Amino acid sequence: YLDGTLYSSHRLLVPVYRRALLRLAAGGGPVFPVPTRERIQAELGRPVRTILENLFPGIEPAWRDRLSDGVLREFLARIRARGGRLYPGAERLLEEARRAGARLGLVSNGRRRYVRAILRAYRLSRRFAVILTPEDRPGGSKGDLLKAALRALRVRPGAAWMAGDRRSDRDAA
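Just add 802 to wherever you are in the sequence shown, counting from 1, and you've got the working numbering.
Now the structure itself:
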């Protein structure tokens with residue numbers, strides 16, 4: 803897992819949603835109040851569609867999809883500018899794991915472009931032998947993604963370690 807485990811986007815949440823909501827309204831879309839950081843954080847780890855439906859009950863699918871694209875666009879711009887941050891010790895941990903011979907896989911519920919932007923901005927891609935997002939396994943659960951990563955890494959589940967920050971991560975493991 804990436805966001806919440808190696809990388810923190812918490813400082814970006816409110817500015818990203820504020821800007822995306824303003825653009826949605828300016829484009830003729832519905833006007834919604836900007837959720838608090840705590841409210842947004844409570845949704846993290848879920849699929850984007852679910853997050854937006856929970857944060858903005860009753861949002862029509864077309865507007866939800868436009869908002870989703872706007873949120874992604876805002877995140878990508880901020881990540882490219884190295885917004886957010888790696889957690890202290892994250893790079894050292896990955897390097898020590900590599901030196902110890904660990905083969906690392908990254909599984910995330912984040913959209914592929916979001917995950918790749920973080921990995922590119924912080925030069926982390928080379929650390930992972932496998933990188934999977936829901937777009938790689940449409941309709942699959944976190945558990946399905948984990949199974950696919952283990953197969954790709956040729957690691958038995960009992961011989962693997964997993965780090966995550968959500969109950970859904972633990973449940974998937």
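Each residue gets a CB set at the ideal place from its N, CA and C atoms; glycine is no exception. Here the structure is a predicted model, which is why all the values come from computation and not from measurement.
(Q) If you measure between the beta carbons of residue 808 and residue 916, is that distance less than 8 Å? (A) As a first step, residue 808 must be located in the sequence shown, where it is residue number 6. As a first step, residue 916 must be located in the sequence shown, where it is residue number 114. Going by C-beta atoms, residue 808 is not nearer than 8 Å to residue 916.
Q: Decide if residue 837 is buried, meaning its Cβ has at least 16 other Cβ atoms within 10 Å, or exposed.
A: Within the sequence shown, residue 837 is the residue found at index 35, counting from 1. With 16 or more Cβ atoms within 10 Å of its Cβ, residue 837 is classed as buried.
Q | residue 907 - partner residues in DSSP beta bridges | A | One-based indexing of the sequence shown puts residue 907 at position 105. Looking at the DSSP assignment, residue 907 forms a beta bridge with 932.
**Q.** Neighbour-count burial assignment, residue 929, 16 or more Cβ in a 10 Å radius
**A.** Along the sequence shown, read from residue 1 onward, the residue named residue 929 stands at position 127. So residue 929 counts as buried.
**Q.** residue 888 - partner residues in DSSP beta bridges
**A.** Within the sequence shown, residue 888 is the residue found at index 86, counting from 1. For residue 888, which the question treats as bridged, DSSP gives the partners 809.
Q: Go through its chain and collect everything with a Cβ distance to residue 812's Cβ below 7 Å, but skip five positions before and after it.
A: Residue 812 sits at position 10 when you count from the first residue of the sequence shown. 839 and 843.
Q.
So, at 7 Å on beta carbons, what are the nonlocal neighbours of residue 955 in its own chain, with the 5 sequence-adjacent residues on each side left out?
A. Numbered from its first residue, the sequence shown carries residue 955 at position 153. Taken in chain order, the residues that qualify are 905, 907, 931 and 932.
Q. Do you know how far the Cα of residue 961 is from the Cα of residue 871?
A. As a first step, residue 871 must be located in the sequence shown, where it is residue number 69. As a first step, residue 961 must be located in the sequence shown, where it is residue number 159. One C-alpha to the other measures close to 38 Å.
Q: Enumerate in chain order the residues of its own chain whose CB-to-CB distance from residue 891 is below 7 Å, with the five nearest sequence positions on each side excluded.
A: As a working note, residue 891 is residue 89 in the sequence shown. Nothing meets the Cβ criterion.
Q: Give every residue of the same chain whose Cβ lies closer than 8 Å to the Cβ of residue 868, excluding the five residues on either side of it in the sequence, and list them in chain order.
A: Within the sequence shown, numbered from 1, the residue matching residue 868 stands at position 66. If we look at residue 868 and ignore the five residues flanking it on each side, its Cβ neighbours are 826, 829 and 831.
Q) Helix, strand or coil: which one does DSSP assign to residue 916? A) Counting from one through the sequence shown, the residue named residue 916 turns up at place 114. DSSP places residue 916 in helix when its eight states are reduced to three.
Q. Which class does residue 877 belong to by DSSP, given the choice of helix, strand or coil?
A. Against the sequence shown, residue 877 aligns to sequence position 75. Three-state DSSP puts residue 877 in a helix.
Q. By DSSP, does residue 830 sit in helix, in strand, or in coil?
A. Position 28 of the sequence shown, counted from the first residue, corresponds to residue 830. Residue 830: coil per DSSP, three-state reduction.
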